[in-house]
Structure formats: C-alpha cells, structure tokens
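With our numbering, the residue at position 190 of the sequence shown is 296, and numbering never jumps. Just so you know, even glycine gets a beta-carbon here, dropped at the ideal spot from N, CA and C. Encoded as structure tokens, the structure appears first; notes follow it.
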Amino acid sequence: MKNLFRPYLAFLLLGSLLFTTACKDDEEPEPDHEHELITNVTLRLVPTDTNKPTVTASWENLVGVGATATIDDLVLSANTTYTGSISFESEEEHGDHSHAHDLTKEIREEGDSHELFYRVTPEGLVTVTKTDVDENNRPIGLETTVTTNAAGTGVFRVVLKHQPGLKITSNDDNAKMNIGETDVDIEFPLTVQ
C-alpha cells in the first residue's frame with residue numbers, strides 16, 4: 107500500500123510545481139523612469155509682420171520644486187500673429203560648471219506621451235493654436251500660432267503634461283489638462299500693447 111502512494115505523491119508534487127510556475131508572471135514590469143527636472147523654458151514668438159520684433163521670454167528654476175524661479179515678462183504687439191516655438195532644458199551641475207541638456211527633442215519624440223497646454227487670462231486677449239501633432243495625429247504644442255487682439259494685460263500660462271498611455275483625442279483641453287503628471291506649470295506676466 108505504501109508503494110501506491112509514492113507515485114501519486116510524486117505526481118501531486120510535480121503538478122503543484124507546474125501550477126505555481128505557470129501562474130508566475132514571466133515578464134517583470136518595467137520600472138517607471140524618473141523624469142529629468144526641467145530647469146529652463148524658452149518661449150520664442152516670431153511675428154508674421156517682419157516690421158515687428160521677435161519676442162523671447164524665459165523661465166529658469168535651477169534650485170528645484172518650490173524654489174523661486176526667474177521669469178521674463180511676455181510683451182507682444184496688439185493685432186499680430188506669431189509663429190511660436192517652445193524649448194525645454196535640464197541644467198545639471200558638474201563640479202564647478204553646469205551643463206544644459208536639451209529636452210525638447212525627447213518631448214517631440216515622445217509626443218504620444220506629452221502635450222502642452224496654453225491658458226491666457228483674461229480669455230480672448232491672446233489665442234494659441236497648436237500646430238504640431240504626434241504619431242496618432244494628436245496635438246503636442248511645441249509649435250504654435252499665437253494671435254493677439256487688442257491691447258491689455260494678463261497671464262500667459264504654459265503647462266507641460268506627461269501622459270504615457272493616457273493621452274486622449276478630444277477638443278476639450280480642460281479635460282485633457284487634468285490627465286497625467288504635470289512636468290512644468292509656468293505663468294508668464296503678459297502685456298499686449
């Protein structure tokens with residue numbers, strides 16, 4: 107009788123071993139890669155009217171989250187259309203010198219995971235239209251058309267969202283802005299004159 111149990115016991119152990127290994131996940135999930143800290147943002151607006159000046163406004167925060175950033179005023183001409191571009195850098199300290207790493211190309215290459223949002227207060231002072239798209243034909247916002255109306259003052263807000271696997275096709279920027287992680291949220295003081 108003892109001999110009868112041994113083969114069954116061996117099959118039982120083998121079966122449980124196969125069951126536990128079959129249930130085990132073969133692929134380990136990839137770790138969530140940390141983003142580089144964005145320390146410099148430059149907004150460049152080139153007017154279609156060549157008699158008007160090109161405008162560049164920068165934001166810089168070399169210390170990190172919660173620190174006081176330096177920011178330029180954004181001064182635009184009234185009733186003017188601009189071709190806009192924005193660039194992002196990460197400035198790293200290396201001993202007694204620093205090195206700026208351009209992140210704009212990476213954001214463009216990972217366009218299906220990033221989108222820029224532009225908010226102007228008061229609404230209607232400036233209109234921003236995103237002109238570049240990702241591989242799924244959804245807007246990125248690194249390139250824009252910016253159109254000013256009458257003179258006034260306000261705030262030009264720029265928000266870069268990281269949305270891996272979350273980016274949606276929608277015309278509702280308010281809903282899309284609530285998705286994903288915020289990489290940068292900047293408010294440029296705005297004057298249209």
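Starting from the Cα of residue i, find the closest Cα among the options and give me that residue.
i, options, result
"Asn243", "Ile192, Arg214, Thr174, Pro159", "Arg214"
"Ala256", "Val181, Asn146, Thr156, Asn157", "Val181"
"Asp208", "Leu296, Pro153, Asp289, Asn146", "Asn146"
"Thr306", "Trp165, Thr189, Met283", "The first residue shown for the chain is 107 and the last is 299, placing residue 306 beyond what the model contains."
"Ile246", "Trp165, Val265, Thr254, Glu166", "Val265"
"Lys282", "Val290, Lys267, Asp291", "Lys267"
"Asp178", "Leu248, Glu216, Arg150, Glu212", "Arg150"
"Val161", "Asn167, Ser191, Asp278", "Ser191"
"Asn277", "Thr235, Phe194, Glu197", "Thr235"
"Val169", "Leu272, Glu197, Thr187, Pro159", "Glu197"
Out of curiosity, what's the CA-to-CA distance linking residue i and residue j?
i, j, result
"Ile274", "Asp218", "9 Å"
"Thr176", "Val298", "21 Å"
"Glu89", "Phe294", "An answer regarding residue 89 cannot be provided, because it is not within the stretch 107 to 299 covered by the chain."
"Ala163", "Leu143", "19 Å"
"Gln269", "Ser183", "34 Å"
"Thr254", "Asp291", "22 Å"
"Asn167", "Thr154", "31 Å"
"Glu241", "Thr233", "25 Å"
For residue i, is the classification buried or exposed, using 16 other Cβ atoms within 10 angstroms of its Cβ as the cut-off for buried?
i, result
"Glu221", "buried"
"Val252", "buried"
"Leu296", "buried"
"Thr250", "buried"
"Asn280", "exposed"
"Lys211", "exposed"
"Leu248", "buried"
Give a yes or no on contact between the stretch 229-238 and the stretch 247-265, applying the rule of three or more CB pairs nearer than 8 Å. Short answer: they touch.
Please give me, in chain order, every unbroken run of the beta strand (DSSP E) with length at least 3 that falls completely inside the stretch 215-276. 220-227, 232-236, 249-254, 258-268
In chain order, which beta strand (DSSP E) runs of at least 3 residues are fully inside the stretch 142-202? 146-153, 161-166, 180-182, 187-200
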